[in-house]
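First up is the structure itself, then whatever we jot down about it.
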Ligand code: CTP
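Residue numbers (the numbering used here): 136 to 527.
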């Protein structure tokens, strides 16, 4: 795993060496980003020797490689140890006046801070507020411990021991249980052209599929995301193929599925498309008061994937249903599963107010035998993790 260790200017910087060392010994690729103040407490040669990589400090070095964002984008995990009150304040406000600030802002990786400061600074309302803001954003704060501080004083403010920081940081990173797995995820909703300016579409935003792709990449999988008209940004950590119509989605998915361990069909695929696409814009002048568009069936991608699955390949389908009665919803799901032949079917209720376009989802998952193997409700990111737990 690519771990960035940010070292800032406090006496506890000497203990950062222990954090770096135990990450390196555990097999991680460690890149140190030190502030100028940190290098007053611990020498660059020490940090370079222990991390086995050059130490980065200067925002204006390596500008051609866009280093100020490259280090953050490549990170799987960022640990700042020690994190001074000043650095904590800067991170809380999103300041980027040095390389570490830029690195943190440019990263989507989990961020773990190990504060170290005098008790008064730790208990100052400004620091308390900044810590609360960061915790709310999902930043993991490890410590500080209570004990002897640099001077004769003692109290909360000591940086916790390196081993405990590493342990908390790796836990924050979550499982890496999908390393070596190739996973194809389809997301979004297809559009079927009527004429050059109009299409038949659906209300899928792609949020659930994108959340699955992002979570799978975080857990170490090689992810191909086949994206049909997403309303949300795709994660940077996946191979992206953009498509629009059901037939484009089919071609891209079959090609990617040829080498995939898992295919997850979260996209909302149009079942029908206009039989003929008008060359020019359809005009009222020629159509009059009625317009009839003849639709023909699109290929069923999920069914074809299931019929042609390779040995050991796992195929996951979704079922978007408007049925409100839970028993009838399950029954519809079981019939769909039997038709499609996938290994799992994730059923979610959709409607005017549910499923599409929202940040939350509520799903019931069936296995091939039609048994309920998982039920989850909540943010789409946590539903994504529950689906991946099942596959893992
Ligand atoms: N699907 C597909 N190809 C299609 C239609 C759907 O691969 N032409 C996939 C979807 O990606 C989803 C699953 O099949 O994983 C079920 O989609 P859904 O729209 O719920 O079901 P349909 O097959 O379209 O059946 P119906 O609309 O009649 O409920």
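Glycine included, C-beta positions come from ideal geometry on N, C-alpha and C.
N-terminal and C-terminal residue of the alpha helix (DSSP H) that residue i is part of
i: residue 294; result: From DSSP, residue 294 is part of no alpha helix (DSSP H); its letter is neither H nor E.
i: residue 461; result: 461-475
i: residue 517; result: 515-526
i: residue 176; result: 173-176
i: residue 389; result: 381-392
i: residue 528; result: For the chain, the structure presents residues 136 to 527; residue 528 sits outside this window and is missing.
Continuous beta strand (DSSP E) stretch holding residue i: start and end
i: residue 495; result: 495-502
i: residue 377; result: 374-378
i: residue 274; result: Element bounds for residue 274: n/a, residue is neither H nor E.
i: residue 400; result: 397-400
i: residue 359; result: 357-363
i: residue 318; result: 317-323
i: residue 408; result: 407-409
i: residue 486; result: First-last for residue 486: undefined, no H or E at that position.
Closer than 7 Å: residue i CB and nearest ligand 1 heavy atom
i: residue 526; result: no
i: residue 522; result: no
i: residue 402; result: yes
i: residue 455; result: yes
i: residue 471; result: yes
i: residue 381; result: yes
i: residue 436; result: yes
i: residue 193; result: no
i: residue 344; result: no
i: residue 433; result: yes
i: residue 488; result: no
i: residue 171; result: no
Rounded Cβ spacing between residue i and residue j (contact assumed at less than 8 Å)
i: residue 154; j: residue 244; result: In fact, because the Cβ distance is near 16 Å, the residues do not count as touching under 8 Å.
i: residue 352; j: residue 372; result: 4 Å
i: residue 398; j: residue 367; result: Their Cβ separation, rounded to whole angstroms, is 21 Å, which puts residue 398 and residue 367 out of contact at 8 Å.
i: residue 370; j: residue 348; result: 6 Å
i: residue 288; j: residue 254; result: 7 Å
Does the count of Cβ pairs from the stretch 172-188 and the stretch 318-328 closer than 8 Å reach three?
no
Touching by the beta-carbon criterion (3+ pairs, under 8 Å), the stretch 235-252 and the stretch 272-289:
yes
May I ask you to verify whether the stretch 446-457 touches the stretch 471-484, counting CB pairs closer than 8 Å and requiring at least 3?
yes
Below 8 Å, can you find three or more Cβ-Cβ pairs linking the stretch 332-339 to the stretch 393-409?
yes
Kindly confirm or deny that the stretch 355-375 and the stretch 430-442 touch, where touching means at least three C-beta pairs closer than 8 Å.
no
Determine contact between the stretch 255-271 and the stretch 229-236, defined as no fewer than three beta-carbon pairs at a distance below 8 Å.
no
Inter-stretch contact at 8 Å, needing at least 3 Cβ pairs: the stretch 459-471 / the stretch 423-433
no
Say whether the stretch 212-227 touches the stretch 250-263, bearing in mind that this needs 3 or more beta-carbon pairs closer than 8 Å, one atom from each stretch.
yes
Kindly confirm or deny that the stretch 139-157 and the stretch 294-309 touch, where touching means at least three C-beta pairs closer than 8 Å.
yes
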